[in-house]
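*Asks:* The opening position of the sequence shown corresponds to residue 1 in full-length UniProt numbering, with each subsequent residue numbered one higher.
Just so you know, even glycine gets a beta-carbon here, dropped at the ideal spot from N, CA and C.
Once you've had a glance at the structure underneath, I'll fire off some questions.
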Amino acid sequence: MPQNRPLLALLRQYWIAAFVIGLVLLPVHAQAPPVEPRQTWQMLDYIAVDYAAAVHGGRILSPGEYAEMQEFAGAVLTQLQTLPASPHQPRLLARADQLVAAVDLKAEPTQVATLARGMADDLLADYPIGAVPASPPEPARVTALYAQQCAACHGPTGRGDGLAGATLDPPPIAFTDAGRAAQRTPLALYEVISQGVPGTSMPGFAALSEADRWALAFYTGSLAYSARARTDGETLWRARADLRGRIPTLEALTRTREAELAATVSPAEAHAIVAYLRSRPEAVNQSPGRSHPFSLARQRMAASERAYAAGDTAQATTSALSAYLDGVEPVEAALGTRDPSLMREIETAMARYRSQLARPAALADVSAQAAEVNALLDRAETVLTDTRMDTTTAFLGSFTILVREGLEALLIVMGMIVFLRKAERADILPYVHAGWASALLAGAATWAAATYLIDISGANRELTEGLSALFAAAVLLSVGIWMHQKSLAGRWQQYLQAKLSKALTRRSALFLFVLAFIVVYREVFETILFFIAMWSEAVSGAILAGFAAGCLVLAAVAYWMVRASARLPVGRFFSISSLLIAVLAVVLAGKGVAALQEAGWVTQAGVTGPRIEWLGVYPSWESLLVQLGVATLAIIGFITNTRSLKASAASSSRS
1 MPQNRPLLAL
11 LRQYWIAAFV
21 IGLVLLPVHA
31 QAPPVEPRQT
41 WQMLDYIAVD
51 YAAAVHGGRI
61 LSPGEYAEMQ
71 EFAGAVLTQL
81 QTLPASPHQP
91 RLLARADQLV
101 AAVDLKAEPT
111 QVATLARGMA
121 DDLLADYPIG
131 AVPASPPEPA
141 RVTALYAQQC
151 AACHGPTGRG
161 DGLAGATLDP
171 PPIAFTDAGR
181 AAQRTPLALY
191 EVISQGVPGT
201 SMPGFAALSE
211 ADRWALAFYT
221 GSLAYSARAR
231 TDGETLWRAR
241 ADLRGRIPTL
251 EALTRTREAE
261 LAATVSPAEA
271 HAIVAYLRSR
281 PEAVNQSPGR
291 SHPFSLARQR
301 MAASERAYAA
311 GDTAQATTSA
321 LSAYLDGVEP
331 VEAALGTRDP
341 SLMREIETAM
351 ARYRSQLARP
361 AALADVSAQA
371 AEVNALLDRA
381 ETVLTDTRMD
391 TTTAFLGSFT
401 ILVREGLEAL
411 LIVMGMIVFL
421 RKAERADILP
431 YVHAGWASAL
441 LAGAATWAAA
451 TYLIDISGAN
461 RELTEGLSAL
471 FAAAVLLSVG
481 IWMHQKSLAG
491 RWQQYLQAKL
501 SKALTRRSAL
511 FLFVLAFIVV
521 YREVFETILF
531 FIAMWSEAVS
541 GAILAGFAAG
551 CLVLAAVAYW
561 MVRASARLPV
571 GRFFSISSLL
581 IAVLAVVLAG
591 KGVAALQEAG
601 WVTQAGVTGP
611 RIEWLGVYPS
621 WESLLVQLGV
631 ATLAIIGFIT
641 NTRSLKASAA
651 SSSRS
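Take a look at the structure:
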């Protein structure tokens, strides 16, 4: 077998890198949903709230209401079948069949409500309604607006006792019904006001301005709450940062149900907070302190619990992954610089929660683990909210991130450059330089897109990092074994001139371009996301200073590598480089598997052990076994090279 065959075989696979790059750079777009998803979502919400008035204990309480529930459940199934294809559509259709069957079998209201709300969440994920008030509703004219548009049927105080509604069937809703109000969201009320309710006497009020419809939604949603509850809610809202963190934005408020909030705080607190915010929605934008970074994580955890309770383990797992990737990881850098042990606790607790979902564990155990996660998020929010990022923390965080992420790429790229210089193949150096320079430009484009155009999901981040890390690990393992083989040869300069001039073809040059791009873009991609998460105008100078200091350190390391390699004999350079590259392959293999685990592509079986991120060591059997496999392959390759050399030498001596 020719000595350069391993490398040539590797070079023929450079198209794999092009596939990975295409995966990284897939366009992200959103399509405005048609009308049907809004109506479908509205009917699901209506079923979740009103089914309890139609059926109880397997008996029909109201034939009219029950017939309406059957009609709506069937309409949901029909409309879902006509929607454009989406990730959740097959699951939605299967659950729509379950919903129709549950209504026909007169299932318990809790079962039907859980199923309908889970479907509504999936529907919003795939077909965002996009209904969010442009600004907090103004209460000044809403009382007169209610009197003009709603009081005739619903009554002057919202009790459903208006004169015009006395003969209606079904009768107008009583907004003062506390149980019903606890199940509705302002968004649900807004959709009813905008579109009406099919099959009833409730018309749509699309002629009203959007601001007026939102004002009516919040007003009618507040009529079930007393003045005392609103006062108590104001006191709690001003005093409790953790409560403000659960409803951090006006959009979150439009989707908040009292019953759902009561699952994470006490029922009395949930009642008071909802009472206050529905009467004073502008208070959300006046919240003291900083933003609440873990609100999305809490929402996803709550959605995961609901899905698990409804028997949808797949959706529960998806929401749990999103809770970490989209709700926690973006602020990992900021929290890690202040309380790294707490950051590790959160990661461990959330991984344990996902493991329970995969088992599957009892609902009580899953809920207990979710409560532990939420408690840790409360602690983390206190750390991030109650302490300002000082200049020292910002500087060290920025410096550490850049050096940590940049060192791996620097070692690989500089190794390629030094290798080509040793081989006297300066003609291929432009390909390597073009590779890492293109990666920096792609990183700048990613930063612009992530800042101004799109929201890069956590799963896409981890898939990009994981796949690129595993690709680089496979390449480095092959190159390391090949370089070790050449380090055992003699007459180095003659070998390089005779062999590498043929081995390093244009195809090889293209491969080196792709490899340089992949390893650099992977680190640039992760670094950009860290800096976006930790950026703050108050300490922007310290962050930029840390970035500059990190660049100087990386430049010094690159300069040292060039100087040191120039003094090394060629054989010693190949020997040291092969060992270093093999170690990097093991590190990247561990990081790649860990990233795919966080994206949900690889299972995660925990093991008691240390977590050493810079070595790619994570406490899971999967990542450790892959690293062990890569290390074993490297050792076998090195031993085989040594034995082959000895056998060749013995054969030469006999002849």
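Which of the three DSSP states, helix, strand or coil, is assigned to SER209?
*Replies:* Counting from one through the sequence shown, the residue named residue 209 turns up at place 209. Under the three-state reduction of DSSP, SER209 is assigned to coil, being neither helix nor strand.
*Asks:* Helix or strand or just coil, what does DSSP make of SER620?
*Replies:* Mapped onto the sequence shown, residue 620 falls at position 620. Correct three-state label for SER620: strand.
*Asks:* Can you look up HIS271 in the DSSP assignment and give me helix, strand or coil?
*Replies:* As a working mapping, residue 271 is identified with position 271 in the sequence shown. In this structure, HIS271 counts as helix in the three-state DSSP scheme.
*Asks:* At the level of alpha carbons, what is the spacing between ILE636 and LEU477?
*Replies:* The residue labelled residue 636 in the question sits at position 636 within the sequence shown. The residue labelled residue 477 in the question sits at position 477 within the sequence shown. Taking the straight line from one Cα to the other gives about 11 Å.
*Asks:* Going by alpha carbons, who is nearest to THR110 out of GLY155, PRO137 and ALA310?
*Replies:* Start at 1 with the first residue of the sequence shown, and residue 110 comes out as number 110. Among GLY155, PRO137 and ALA310, the Cα nearest to that of THR110 belongs to ALA310.
*Asks:* Where DSSP assigns a beta bridge to HIS56, which residues make up the other side?
*Replies:* The residue given as residue 56 occupies position 56 in the sequence shown. In DSSP, HIS56 forms a bridge with ARG59.
*Asks:* Within its chain, find whatever has a CB closer than 7 Å to the CB of ILE47; leave out the 5 residues flanking it on each side and keep chain order.
*Replies:* On the sequence shown, residue 47 is found 47 positions in, with the first residue counted as 1. The answer, listed in chain order, is MET69, PHE72, ALA73, VAL112 and ALA116.
*Asks:* Compare the Cα-Cα distances from TYR324 to each of LEU296, ALA314 and ARG338 and report the closest residue.
*Replies:* Start at 1 with the first residue of the sequence shown, and residue 324 comes out as number 324. Ranking LEU296, ALA314 and ARG338 by Cα distance to TYR324 puts LEU296 first.
*Asks:* Give the single residue among TYR276, ARG240 and ASP212 whose Cα lies nearest to the Cα of ALA227.
*Replies:* As a position in the sequence shown, residue 227 is number 227, starting the count at 1. Per the Cα distances, TYR276.
*Asks:* Closest by CA to THR220, which one among PRO171, ILE273 and PRO156?
*Replies:* Taking the sequence shown and counting its residues from 1, one reaches residue 220 at position 220. The residue with the shortest Cα to Cα distance from THR220 is PRO156.
*Asks:* Enumerate in chain order the residues of its own chain whose CB-to-CB distance from VAL274 is below 6 Å, with the five nearest sequence positions on each side excluded.
*Replies:* Translated into positions along the sequence shown, residue 274 becomes position 274. GLU258.
*Asks:* Count the other CB atoms within 10 Å of the CB of GLU381; is the residue buried (16 or more) or exposed (fewer)?
*Replies:* Indexing the sequence shown from 1 puts residue 381 at position 381. So GLU381 counts as buried.
*Asks:* According to DSSP, ILE612 sits in a beta bridge with which residue or residues?
*Replies:* By 1-based counting over the sequence shown, the position of residue 612 is 612. Bridge partners of ILE612: VAL617.
*Asks:* Rounded C-beta distance between VAL607 and LEU624? I'm assuming under 8 Å.
*Replies:* On the sequence shown, residue 607 is found 607 positions in, with the first residue counted as 1. On the sequence shown, residue 624 is found 624 positions in, with the first residue counted as 1. About 7 Å; that satisfies the 8 Å criterion.
*Asks:* Find the nearest neighbour of ALA320 within the set ALA558, GLN356 and GLY336, judged by alpha-carbon distance.
*Replies:* Counted from its first residue, the sequence shown places residue 320 at position 320. Measuring from the Cα of ALA320, the nearest candidate turns out to be GLN356.
*Asks:* Compare the beta carbon distance of LEU187 and ARG244 with 8 Å and say whether it is the shorter of the two.
*Replies:* The sequence position of residue 187 within the sequence shown is 187, counting from 1. The sequence position of residue 244 within the sequence shown is 244, counting from 1. In this structure, ARG244 does not lie closer than 8 Å to LEU187 by Cβ.
*Asks:* What residue ranges within the region 428 to 452 form continuous alpha helix (DSSP H) runs of no fewer than 4 residues, ordered along the chain?
*Replies:* 429 to 448
*Asks:* Can you tell me whether SER266 is buried or exposed? The criterion is at least 16 other CB atoms within 10 Å of its CB, across all chains shown.
*Replies:* As a position in the sequence shown, residue 266 is number 266, starting the count at 1. SER266 should be labelled exposed.
*Asks:* Looking only at its own chain, which residues have a Cβ that is under 8 Å from the Cβ of ILE528, when we skip the five neighbours before and after it?
*Replies:* As a working mapping, residue 528 is identified with position 528 in the sequence shown. Answer for ILE528: GLY443, THR446, TRP447 and ALA450, listed in chain order.
*Asks:* What whole-angstrom Cβ distance do ALA349 and VAL373 have, given they're in contact under 8 Å?
*Replies:* Here residue 349 refers to the residue found at position 349 of the sequence shown. Here residue 373 refers to the residue found at position 373 of the sequence shown. That belief holds up - the Cβ atoms of ALA349 and VAL373 are roughly 5 Å apart, short of 8 Å.
*Asks:* Out of GLN604, ARG352, ALA174 and MET561, which one is the CA nearest neighbour of ILE576?
*Replies:* Here residue 576 refers to the residue found at position 576 when the sequence shown is read from its first residue. ILE576 has its Cα closest to that of MET561, out of GLN604, ARG352, ALA174 and MET561.
*Asks:* Short of 6 Å in beta carbon distance, which residues of its chain neighbour GLN597, apart from the five on each side in sequence? Order them along the chain.
*Replies:* The sequence position of residue 597 within the sequence shown is 597, counting from 1. Answer for GLN597: GLN604, listed in chain order.
*Asks:* Judging by CA-CA distance, which residue of ALA101, GLY550, PRO610 and LEU515 is the nearest neighbour of VAL432?
*Replies:* Walking along the sequence shown from the start, residue 432 turns up at place 432. That would be LEU515, whose Cα lies nearest to the Cα of VAL432.
*Asks:* Give the C-beta separation of PRO170 and GLY160 to the nearest angstrom, bearing in mind that I take them to be a contact with Cβ-Cβ under 8 Å.
*Replies:* Counted from its first residue, the sequence shown places residue 170 at position 170. Counted from its first residue, the sequence shown places residue 160 at position 160. The pair is not a contact, with the Cβ atoms about 10 Å apart (cut-off 8 Å).
*Asks:* Near ARG354, what residues of its chain come up, given a Cβ to Cβ distance below 6 Å and the 5 sequence neighbours on each side ignored?
*Replies:* Taking the first residue of the sequence shown as position 1, residue 354 is located at position 354. Counting only Cβ-Cβ distances below 6 Å, and skipping sequence neighbours, we find ALA320.
*Asks:* Taking only runs of the beta strand (DSSP E) that begin and end inside the region 84 to 122, which ones reach a length of at least 3 residues, in chain order?
*Replies:* none
*Asks:* Measuring alpha carbon to alpha carbon, tell me which residue in ALA182, THR200, GLY204 and GLY179 is nearest PHE190.
*Replies:* Position 190 of the sequence shown, counted from the start, is the residue given in the question as residue 190. Here residue 190 is Tyr; the residue named in the question, Phe, does not match the sequence. Distance check between TYR190 and each of ALA182, THR200, GLY204 and GLY179 places GLY204 closest, using alpha-carbon atoms only.
*Asks:* Going by the CB atoms, is the gap between GLY541 and SER398 shorter than 8 Å?
*Replies:* Working through the sequence shown from its first residue, we reach residue 398 at position 398. Working through the sequence shown from its first residue, we reach residue 541 at position 541. No. Outside cutoff.
*Asks:* Are the CB atoms of ALA370 and GLU305 nearer to each other than 8 Å?
*Replies:* What you label residue 370 is simply residue 370 of the sequence shown in a count that begins at 1. What you label residue 305 is simply residue 305 of the sequence shown in a count that begins at 1. Yes. Within cutoff.
*Asks:* Taking 8 Å as the CB-CB cut-off, is ARG338 touching chain C?
*Replies:* Protein chain content of the structure displayed is limited to a single chain, and chain C is not contained in it.
*Asks:* DSSP on ALA601, reduced to helix/strand/coil?
*Replies:* In the sequence shown, the residue the question calls residue 601 occupies position 601. It should be noted that the sequence gives Trp, not Ala, for residue 601. TRP601 falls in the coil class under three-state DSSP.
*Asks:* By the 10 Å Cβ neighbour count, where 16 or more other Cβ atoms means buried, how is TRP621 classified, buried or exposed?
*Replies:* Taking the first residue of the sequence shown as position 1, residue 621 is located at position 621. Exposed.
*Asks:* Who are the Cβ neighbours of TYR66 in its own chain at under 7 Å, not counting the five residues just before and after it?
*Replies:* In the sequence shown, residue 66 corresponds to position 66, counting from 1. Same-chain partners within the cutoff: ALA54, VAL55 and ILE60.
*Asks:* Roughly how many angstroms lie between the CA atoms of GLY590 and GLY616, to the nearest whole one?
*Replies:* Translated into positions along the sequence shown, residue 590 becomes position 590. Translated into positions along the sequence shown, residue 616 becomes position 616. The C-alpha of GLY616 is placed about 5 Å away from the C-alpha of GLY590.
*Asks:* Among GLY57, ARG141 and ALA120, whose alpha-carbon lies nearest the alpha-carbon of LYS106?
*Replies:* Counting from 1 along the sequence shown, the entry for residue 106 is found at position 106. Considering only alpha carbons, the answer is GLY57.
*Asks:* Look up residue 663 in the DSSP assignment and say whether it is helix, strand or coil.
*Replies:* Beyond the ends of the chain as shown, which are 1 and 655, falls residue 663; an answer cannot be given.
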